[in-house]
Amino acid sequence: MSGASKFVEHAIEFLPILLQGAFVTVQVTVLSFALSSVIGLVFALMKLSHWRPVALTAGTLVNVIRGLPIIVQLFYIYFVLPDIGVQFSAFQAGVIGLGIAYSAYQAENFRAGIEAVDHGQMEAAQAIGMRMPLIMRRVILPQAFRIALPPYGNTLVMMLKDSSLVSTITVAEMTRAGQLIASSTFQNMTVYTLVALLYLLMSLPLVYGLRRLEARLGARRPR
Amino acid sequence: MIEVIDLHKRFGEHEVLKGVSLGVDAGEVVCLIGPSGSGKSTALRCINGLESYEGGEVRVLGERVDRHSSNIHRLRSRVGMVFQRFNLFPHRSALENVMEGPLYVKREAPDVARRDALALLDKVGLAHKAEAWPAQLSGGQQQRVAIARALAMKPDAMLFDEPTSALDPELVGEVLAVMRALAGEGMTMIVVTHEMGFAREVADRVCFLHGGSIVEQGPAAQLLTAPQQARTQDFLRRVLRPGT
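Here the protein sequences come in this chain order: Z and X.
The working numbering puts the first residue of the first sequence at 1, with every later residue one more than the last.
The working numbering puts the first residue of the second sequence at 1, with every later residue one more than the last.
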């Protein structure tokens, strides 16, 4: 029993610090998810462009980003860019790095969604005199989003977990907070169990919520 | 109102249109008939710039139709199009489908657009389905909403691309009835169709296409009952008496 009571005792002591880290984790996740969505959408639209140089540029960028480990991208932004005069705080570098790294996957999510929309939708919109930006905004993207929602939500869950990578560039998110506590107290089991539980506490409701959202959109607007 | 002059169109090696010429005056109803692959749908799609073409010219209301020119959007809004597969926006209600063009292309006030859209839905017999999603409607109802959506732009002419071909037989009549009423109001219409009864009754003129050319055209009664060309006779025999 003393093992369990020890665990609770330590947990009470460590939790406030870990929760602060969890708050940073959520911030990093939300911000870099938003950034990756915007960049990813731009890449997706570029890849679908009929203007070949634009499509080619986007394709190349996406492949380069996809071909690099996320940690290397983070190191590059945080440690290398200052050498050429571009300085970011660790938090900014983390958000930008994760955002760019994930934009490649977001681009694929969005492109697949857009391409899955029936071509007749485009023609019907053109036939009532709509221009391309309006067609995208009113007709194609709303349908593409519904199609892309499952992989899009999946990306969000993956990002929540991969936000721990920014600990490598000293951002004090939850994993980093855990590392710091563990190395000073040697309570590895307690600390990392707590860290794991806290990640689950965030990711499981997210998974559940996304499934509810998918079901609701599917039920309200059946095809 | 609509002039097609020596239209040529190819898909790769395959020449789909080999010099189609067709003039349609205001208030005229013209039916395009012919076997599948004869180019009738392609010709129709060239008229509102959904297809490009390599040779000849299409003019609508005196302006050249070119899908890459800057006036194409305005021209399209003057010519309504109804598709074989309806192509309603599935994420918008029937009413929203009809309001979409007036609201976002013509930038009409919402209350005006709504009132007009409801009137159009009433006209096609679907006022009671205004709030329904497309998926909740039958094929015939969806196609009637699609007609209302095209009419909402107050077009000068309407193009119909096999509007009843995707429908169950018992639903064809309700769509043809709406089209018949429209023709009765003096709407200029070009209709690609396999409905010979409709063509005979409603069309001022029928054009028979075969292999990318207009083989024969004339007043509906004359072309459908006393065709001059062998290929027209052969086609009509097969369509009017299937199985022989």
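Ideal Cβ positions, reconstructed from N, Cα and C, are used throughout, including at glycine.
No experiment lies behind these values; they were computed from the predicted model shown.
1. MET130(Z) touches chain X at which residues, Cβ-Cβ below 9 Å?
2. Does the count of Cβ pairs from the stretch 69-89 of chain Z and the stretch 27-41 of chain Z closer than 8 Å reach three?
3. If we define contact as Cβ-Cβ less than 8 Å, is VAL139(Z) a contact residue for chain X?
4. Helix, strand or coil, according to DSSP, for HIS8(X) in the structure here?
5. Given ILE147(Z), which residues of its chain have a CB within under 6 Å of its CB, disregarding the five upstream and five downstream residues?
6. Would you say PRO90(X) reaches chain Z, if we count a Cβ-Cβ gap shorter than 8 Å as a contact?
7. Starting from the C-beta of PRO222(Z), find all residues in its chain whose C-beta is less than 6 Å away, skip the five residues before and the five after it, and write them out in chain order.
8. Taking GLY56(X) as the reference, which of GLY19(X), LEU75(X), LYS40(X), ARG67(X) has the closest Cα?
9. Looking only at C-alpha atoms, which of ALA199(X), GLY211(X), PRO227(X), HIS68(X) sits nearest to HIS48(X)?
10. What residues match up with SER213(X) in a beta bridge as DSSP calls it?
11. Identify whether VAL18(X) lies in helix, strand or coil by the three-state DSSP scheme.
12. Classify LEU224(X) as helix, strand or coil using the three-state DSSP reduction.
13. For ALA230(X), does the count of other Cβ atoms within 10 angstroms reach 16, so buried, or fall short, so exposed?
14. Taking just the CA atoms, how far does GLU63(X) sit from ASP6(X)?
15. Expressed to the nearest angstrom, what Euclidean distance is found between the alpha-carbon atoms of GLU214(Z) and GLN141(X)?
16. Do you know offhand how far GLN126(Z)'s Cα is from ALA58(Z)'s?
17. The stretch 101-123 of chain Z: which residues have C-beta closer than 7 Å to a C-beta of chain X, in chain order?
18. Can you tell which of ALA221(X), ASP25(X), LEU17(X), HIS8(X) has the C-alpha that lies nearest to the C-alpha of LEU61(X)?
19. Under 8 Å between the Cβ atoms of LEU120(X) and LEU159(X)?
20. Can you round the beta-carbon distance between HIS10(Z) and GLN187(Z) to whole angstroms, since I take them to be within the 8 Å contact cut?
21. Apart from the five residues on each side of it in sequence, which residues of its chain come closer than 6 Å, Cβ to Cβ, to LEU134(Z)?
22. Can you name the start and end residues of the beta strand (DSSP E) that ALA157(X) belongs to?
23. For TYR208(Z), count neighbouring Cβ atoms within 10 angstroms of its own Cβ and tell me buried if that reaches 16, exposed if not.
24. Return the residue from the list LEU197(Z), ALA172(Z), LEU206(Z) that minimises the CA-CA distance to GLY94(Z).
25. From ASP118(Z), ALA104(Z), LEU48(Z), SER203(Z), pick the residue whose C-alpha is nearest to that of HIS91(X); which is it?
26. State the start and end residues of the unbroken beta strand (DSSP E) segment that holds GLY94(Z).
27. Considering ARG92(X), what are the terminal residues of the alpha helix (DSSP H) in which it resides?
28. When the Cα of GLY23(X) is compared with those of ALA226(X), VAL239(X), GLY218(X), ARG241(X), which residue comes out closest?
29. Taking only the alpha-carbon atoms, compute the straight-line gap between ASP83(Z) and MET174(Z) and give it to the nearest angstrom.
30. Is it the case that the stretch 157-171 of chain X contacts the stretch 67-82 of chain X, given that we only count it when at least three CB pairs across the two stretches are under 8 Å?
31. So what's PRO110(X) in DSSP terms, helix, strand or just coil?
32. Measuring alpha carbon to alpha carbon, tell me which residue in PRO102(X), GLY184(X), ARG114(X), ASN97(X) is nearest PRO155(X).
33. Looking only at C-alpha atoms, which of MET1(X), GLU54(X), ARG45(X) sits nearest to GLY12(X)?
34. For MET81(X), return the contacting residues in chain Z, with the cut-off set at a CB-CB distance below 9 Å.
35. Skipping 5 residues on each side, what residues in its chain have a beta carbon closer than 7 Å to that of LEU126(X)?
36. Would you kindly work out how many angstroms separate the C-alpha atoms of GLU51(X) and ARG115(X), rounded to a whole number?
Answer, in terms of the structure:
1. HIS73, ARG76, SER77, GLU100, GLY101, TYR104, VAL105
2. By the C-beta criterion, the stretch 69-89 of chain Z is judged not to be in contact with the stretch 27-41 of chain Z, since fewer than 3 inter-stretch pairs fall below 8 Å.
3. yes
4. strand
5. GLY113, ALA116
6. yes
7. Its pLDDT being 48, under 50, PRO222(Z) is placed unreliably in this model, and the coordinates cannot settle the point.
8. GLY19(X)
9. Inspection of the sequence shows that residue 48(X) is occupied by Asn rather than by His. Measuring from the Cα of ASN48(X), the nearest candidate turns out to be HIS68(X).
10. HIS210(X)
11. Per the sequence shown, the amino acid found at residue 18(X) is Lys instead of Val. Here LYS18(X) sits in strand by DSSP.
12. helix
13. exposed
14. A straight-line Cα-Cα distance of about 16 Å links ASP6(X) and GLU63(X).
15. 28 Å
16. 26 Å
17. Those residues of the stretch 101-123 of chain Z that come within reach of chain X (Cβ to Cβ, closer than 7 Å) are GLY120, GLN121, GLU123.
18. Looking at the Cα atoms, ASP25(X) is the closest of the given residues.
19. no
20. Going by Cβ atoms, the distance from HIS10(Z) to GLN187(Z) rounds to 5 Å, so yes, they are a contact pair.
21. none
22. 157-161
23. exposed
24. ALA172(Z)
25. ASP118(Z)
26. First-last for GLY94(Z): 90-116, but that is the alpha helix (DSSP H), not the beta strand (DSSP E).
27. Taken as a continuous stretch (DSSP letters only), ARG92(X) belongs to no alpha helix (DSSP H), as it is neither H nor E.
28. GLY218(X)
29. 29 Å
30. yes
31. Collapsing the DSSP output to three states places PRO110(X) in a helix.
32. PRO102(X)
33. GLU54(X)
34. GLU123, ALA124, GLN126, ALA127, ILE128
35. Within the same chain, and ignoring the five residues on either side of LEU126(X) in sequence, the residues whose Cβ sits closer than 7 Å to its Cβ are ALA94, GLN141, ARG144, VAL145.
36. 34 Å
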